[in-house]
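What follows is one structure encoded as structure tokens, with my remarks underneath.
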Amino acid sequence: MTKQLDNANAAQKVAAEALEAANKEKKRLLEEAKSREEEILGLRNELGNAESSKKEAEDGKKEVEARLADAEADFVANFHNTEAYTNFADYFARVGHQEVLTALRNDHPEFDVKSLEVRFPPPDAEGEEDS
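Numbering follows this note's numbering, in which position 81 of the sequence shown is assigned residue number 982; successive positions increment by one, without gaps.
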């Protein structure tokens, strides 16, 4: 009977050690789960912030595009009132003049274009500044 009692005590001791090890593992796993839960919550917050920022950026882009469209429409509607445009022929003569001088500057950088600008000023250039 003492042998049975010793065996029962040994079995109980093994069971107690197994239970203690299981409880330690359970505690570790619960802490890890809590850590992962906090990480997931943080990532969800970041995702929400990113989605909010994305929406704000899209709204901002739409607003800028609308303002640009309005500015372009206003420019086209009032183009004939600008200082640079006096009449159709003079305007395009100045544009052509500037395109030729720009092409010369780009294609032949060694050539002094300023002498041509002095010699051949743009049509009706009075009061306008060179750009």
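Backbone N, C-alpha and C define an ideal beta-carbon position, used for all residues, glycine too. Every value quoted in this text rests on a predicted model; they were computed, and no experiment measured them.
So residue i and residue j are supposed to be a Cβ contact under 8 Å. How far apart are they, rounded?
{"i": "Val1014", "j": "Arg1020", "result": "About 10 Å; that fails the 8 Å criterion."}
For residue i and residue j, I'd like the C-alpha separation in whole angstroms.
{"i": "Glu959", "j": "Glu952", "result": "10 Å"}
{"i": "Ala917", "j": "Glu940", "result": "34 Å"}
{"i": "Val915", "j": "Lys904", "result": "16 Å"}
{"i": "Ala967", "j": "Phe976", "result": "14 Å"}
{"i": "Glu947", "j": "Leu931", "result": "24 Å"}
{"i": "Glu925", "j": "Met902", "result": "Position check: residue 925 holds Lys in this sequence, whereas Glu was assumed. Roughly 34 Å separates the two Cα atoms."}
{"i": "Val1001", "j": "Asn988", "result": "20 Å"}
{"i": "Ala974", "j": "Phe980", "result": "10 Å"}
{"i": "Glu1029", "j": "Glu964", "result": "The predicted position of Glu1029 is uncertain, since its pLDDT is 46 and thus under 50; a value taken from the coordinates is nonetheless stated next. Cα to Cα, Glu1029 sits roughly 34 Å from Glu964."}
{"i": "Gly997", "j": "Phe1012", "result": "19 Å"}
{"i": "Ala970", "j": "Lys962", "result": "12 Å"}
{"i": "His1009", "j": "Ala994", "result": "22 Å"}
{"i": "Ala934", "j": "Ala922", "result": "18 Å"}
{"i": "Leu1017", "j": "Glu957", "result": "51 Å"}
Using a beta-carbon distance below 8 Å, is residue i in contact with chain B?
{"i": "Arg968", "result": "The structure shown contains no chain B; it is built from a single protein chain."}
What do you reckon, are the CB atoms on residue i and residue j nearer than 8 Å?
{"i": "Pro1022", "j": "Gln999", "result": "no"}
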